[in-house]
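Below is one structure; the comments refer to it alone.
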Amino acid sequence: MSISNSELKHILKETEFPFCARIALGRVEEMCTTQNIGRTSGAKHVDISMEIISEFVFCEVDRRGSRKRRLNCIQELQLLEVLCDFFTSSVIGGEAVRNMVFMSLFPPTHSDRSRLLIKLVSMASSTKNVPVLTATGMWMQKLGCTSKYSLDLAQGLVKDYFVLIPKAVSGLQDLPQLAPQFTANFLTAVAEMYGVVEKRHIFSPPPDTLLEVITQWVSDNPTLCLAALMVNLQLALPLGGVPMAAITPFAGLFKWCILAPLHYVSQTSTSDIPTSDCNSSESPLYSRLHLALLESLLECYAPSPGLHCADASATENISAQHIAAIIEPIVRWLKDRTRMENESARIRGELALHMALDRLAQVIQVALVTHSVYGNIQELFSQLEMLPENRLLQIVINTHRNL
């Protein structure tokens, strides 16, 4: 017979950390299971679950509700191990309950736990803990992959794996096979994170190690960018859960590839270092990534026999508005070309501009041919008129504008 919540709290208060966290998680799981099948009222159970989580899992408050001191490093590690073990073990109510527990542990309203979430996902990535990574992918999609919460998580993971310890990336090669939805949502987040237009630069280049890993991921896994569209979220979310619309990383990553030539030629032309000695040249990885993304769109249009999307509109995976957002930085770069004072710099700038426009034209052509674009396509064509003349781009516009 199940014990009451008051009896449970008494037991938990007498139990040392981290064992109290293990017991508390089990009780939260039971409550989420009964709530998910509609046997209990939601609000009451949510309040009790949050109290148990705050007091006995994260040890944030004491029995009187007063804030306690933050867990020390050893206690944090113990808690992370408890959480990893909990999600790895069989869950009573299946994936929906597991996701419900995860979202209860890390709600967007509780920003203090974001630091621990980053550590949890970092540990799960290194130990290949698929249940934690899968739940994290669902968490990102529920809140929105480009939301502040997902961007903070992505930034923390980039810092752990690609900035502080770059050699650690070797352990991430098989992440797309282990947790494709999480990996795709991570790509969407980092594409947004580094695609932000700054005052002095038209985009923020990602770390070389991150660019290399992403290029390898997309090249080796042509359907990876579509992973967010292949999950039936209603089955994976708790009863009544409403997911955000899935966003693929296509537009964000294409933005990197299109703007990279302009960014690096600007860096070279404004540098006092001779061009031959300057490291401000575009990495060939951008060309490889661009090609891999185009091949992914073609894979989407003609999927392999084993590929099944969650709904019929899953091929519509790039917003016309997101493609149009790439145009404004190019227009702004054109206005800033006056900084290129010598003839050599202007020639390099012209070549970089044509490369960027060629890549943009290729993206639009393949996206339209594969029916991958949704939204106001005519508005996209109108904005393309702001760009300077480019033969390939003009052919694409003339071919598709009146279709």
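For the sequence shown, UniProt numbering gives the first residue as 1, with consecutive numbering after it. Where a beta carbon is used, it is the ideal one built from N, C-alpha and C, also for glycine.
Per DSSP, residue i is paired with what?
i	result
residue 204	Answer is none; residue 204 lacks a bridge partner.
residue 287	Per DSSP, none; premise fails for residue 287.
residue 318	373
Over the uninterrupted alpha helix (DSSP H) stretch that includes residue i, give me the two end residues.
i	result
residue 368	343-369
residue 94	94-105
residue 85	73-88
residue 12	5-13
residue 329	327-335
residue 114	114-127
residue 391	391-400
Do residue i and residue j have their CB atoms nearer than 8 angstroms?
i	j	result
residue 185	residue 141	yes
residue 222	residue 296	yes
residue 130	residue 179	yes
residue 134	residue 181	yes
residue 146	residue 214	no
residue 354	residue 390	yes
residue 28	residue 49	yes
residue 84	residue 31	no
residue 118	residue 172	no
residue 125	residue 211	no
residue 19	residue 75	no
residue 231	residue 224	no
residue 106	residue 139	yes
residue 367	residue 318	yes
residue 251	residue 323	yes
residue 357	residue 393	yes
residue 132	residue 157	no
residue 25	residue 57	yes
residue 162	residue 127	no
residue 187	residue 249	yes
residue 71	residue 59	yes
residue 15	residue 23	yes
residue 395	residue 381	no
residue 46	residue 54	no
residue 216	residue 294	no
residue 5	residue 100	no
Tell me, to the nearest whole angstrom, how far the beta carbon of residue i is from that of residue j; I am working on the premise that it is less than 8 angstroms.
i	j	result
residue 253	residue 320	So it is not a contact: roughly 17 angstroms between Cβ atoms.
residue 371	residue 301	7 angstroms
residue 196	residue 329	That pair is no contact at about 10 angstroms.
residue 360	residue 258	5 angstroms
residue 193	residue 151	6 angstroms
residue 202	residue 332	7 angstroms
residue 255	residue 327	10 angstroms between Cβ atoms; not a contact.
Should residue i be counted as a contact of the ligand FMN given a C-beta to heavy atom distance under 7 angstroms?
i	result
residue 183	The ligand FMN is not part of this structure, which contains no ligands at all.
Give the list of continuous alpha helix (DSSP H) stretches no shorter than 4 residues that lie fully inside the segment 129-186.
Whole alpha helix (DSSP H) segments, 4+ residues: 130-143, 148-158, 175-178.
What runs of the alpha helix (DSSP H), each 4 residues or longer, lie entirely inside the segment 21-63?
Scanning the segment 21-63 from its first residue to its last, the whole alpha helix (DSSP H) runs of 4-plus residues come out as 42-52.
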